[in-house]
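The block underneath contains the structure these notes are about, expressed in C-alpha cells.
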Amino acid sequence: MLFDTFKDQELIWQSNVSGDTSCGKYAFRGDLAITLGDMHEASNTRNQPKCILESANILADAEQFIFVSGSLLSLDDIPAFVERYGQYIADDVKVMLYVVDTSKPMFIEYEGKQLYINTYEDSTVWQLLMEDLYVEKSDMKGQSPQDKLVTMYEACKDFKPKYDTVSYDDALGFKIEGAKRAIHGAV
Numbered sequence: 001m002l003f004d005t006f007k008d009q010e011l012i013w014q015s016n017v018s019g020d021t022s023c024g025k026y027a028f029r030g031d032l033a034i035t036l037g038d039m040h041e042a043s044n045t046r047n048q049p050k051c052i053l054e055s056a057n058i059l060a061d062a063e064q065f066i067f068v069s070g071s072l073l074s075l076d077d078i079p080a081f082v083e084r085y086g087q088y089i090a091d092d093v094k095v096m097l098y099v100v101d102t103s104k105p106m107f108i109e110y111e112g113k114q115l116y117i118n119t120y121e122d123s124t125v126w127q128l129l130m131e132d133l134y135v136e137k138s139d140m141k142g143q144s145p146q147d148k149l150v151t152m153y154e155a156c157k158d159f160k161p162k163y164d165t166v167s168y169d170d171a172l173g174f175k176i177e178g179a180k181r182a183i184h185g186a187v
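Residue 1 is where the sequence shown starts when you use the numbering used here, and the numbers rise one by one after that.
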C-alpha cells in the first residue's frame with residue numbers, strides 16, 4: 001500500500017486520519033513531508049521536514065491518489081511537491097492546494113497535473129475545502145472520518161471554478177513576499 005511505503009520513507013510527518021473507507025479506498029489526513037529534514041547526528045533521528053504538504057486530505061486506491069488537497073507555504077514548493085508525489089496522482093485528479101503566499105486563485109497545469117491554487121489566510125484547509133466544494137456538515141453527518149473524504153472526493157468531481165489559467169512561471173508573479181501561515185491553537 002502507498003502509505004506503508006510513505007511511512008517507510010519517513011514521509012508521514014503527522015497523521016490525524018489513516019484507514020480504509022467503507023468503499024474500499026484508503027483515506028489519509030495529516031501532514032506529508034515533501035523535502036525531508038537532515039538527520040540529527042546525536043540521536044540518529046530526522047529533523048523536521050524542510051517542506052511539508054500541511055493538512056493534506058488524500059483518498060487513494062491501491063496504486064494512486066484519486067483526491068488530493070492540502071496547504072503549501074509557497075508557490076515555490078510546487079515543483080518539489082509534484083516531483084515527490086506526482087507519480088502517485090492520477091492524471092484526472094483536481095489537486096486543490098491552498099498556498100500561503102499567493103494573492104489570487106488560479107489554475108496551473110504542471111508536469112501534467114491539474115493544480116487548483118487558492119489563497120490561504122485565516123482558516124483551516126478542511127473548512128476552505130468544504131466551502132469551495134459546497135459541502136455542508138450535514139452532508140457528512142454520521143460518517144466515519146475516512147468516509148468524510150469520500151464525500152469530499154465525490155463533491156470535487158463537480159468542482160469547476162472560473163480560475164485564470166496561468167503557467168507556473170506566470171503564477172510566481174502573484175506571490176506575496178513575506179507571507180506567513182496563521183497559527184491556530186490555544187494561547
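Where a beta carbon is used, it is the ideal one built from N, C-alpha and C, also for glycine. Note that the coordinates shown come from a computational prediction; the quantities given were computed from them, not determined experimentally.
For residue i and residue j, which I take to be in contact (beta-carbon distance under 8 Å), what is that distance rounded to the nearest angstrom?
i: M96; j: Y116; result: 5 Å
i: F159; j: L133; result: 6 Å
i: F107; j: I34; result: With a Cβ gap of about 21 Å, F107 and I34 do not count as contacting.
i: F6; j: L36; result: About 11 Å separates the two Cβ atoms, so there is no contact after all.
i: K157; j: D101; result: Contact flag wrong, Cβ pair sits at about 29 Å.
With a 10 Å radius around its C-beta and 16 neighbouring C-beta atoms as the bar for buried, classify residue i as buried or exposed.
i: N44; result: exposed
i: Y98; result: buried
i: A171; result: buried
i: D77; result: buried
i: G30; result: buried
Rounded to the nearest angstrom, what separates residue i and residue j at their Cα positions?
i: Q14; j: L2; result: 16 Å
i: V137; j: T151; result: Residue 137 is actually Lys in this sequence, not Val. Approximately 11 Å between the Cα atoms of the pair.
i: D147; j: Y153; result: 10 Å
i: G178; j: A90; result: 33 Å
i: G86; j: I12; result: 16 Å
i: P49; j: T165; result: 31 Å
i: V187; j: G173; result: Bear in mind that a pLDDT of 47 at V187, under 50, signals an unreliable position, so the number given afterwards is only what the model happens to contain. Whole-angstrom Cα-Cα distance: 35 Å.
i: S167; j: V17; result: 34 Å
i: K162; j: E121; result: 20 Å
i: Y110; j: R84; result: 13 Å
i: H40; j: P79; result: 26 Å
i: V125; j: A42; result: 36 Å
- Are at least three pairs of beta-carbons, each pair with one atom in the stretch 39-57 and one in the stretch 68-86, less than 8 Å apart? With a cut-off of 8 Å, the stretch 68-86 and the stretch 39-57 count as touching, because enough Cβ pairs lie within range.
- Message: Does the stretch 87-96 come into contact with the stretch 58-69, if we say contact requires no fewer than three beta-carbon pairs (one atom in each stretch) closer than 8 Å?
- Response: A contact exists between the stretch 87-96 and the stretch 58-69.
- Query: Touching or not, the stretch 16-31 and the stretch 56-64, by the rule of three or more beta carbon pairs under 8 Å?
  - Reply: Flag = yes, the stretch 16-31 and the stretch 56-64 touch.
- Query: Three or more beta-carbon pairs under 8 Å between the stretch 107-121 and the stretch 138-146, yes or no?
  - Reply: Here the stretch 107-121 makes no contact with the stretch 138-146; the two share fewer than three CB pairs at distances below 8 Å.
- Message: Quick check for students: name the residue ranges of the beta strand (DSSP E) that lie wholly in the stretch 30-85, counting only runs of 3 or more.
- Response: Note on the stretch 30-85: whole beta strand (DSSP E) runs with a minimum of 3 residues are 51-60 and 65-72, in chain order.
- In the stretch 112-142, which residue ranges form an unbroken beta strand (DSSP E) of at least 3 residues, counting only runs that do not cross its ends? Within the stretch 112-142, the beta strand (DSSP E) runs of at least 3 residues that lie entirely inside it are, in chain order, 113-119.
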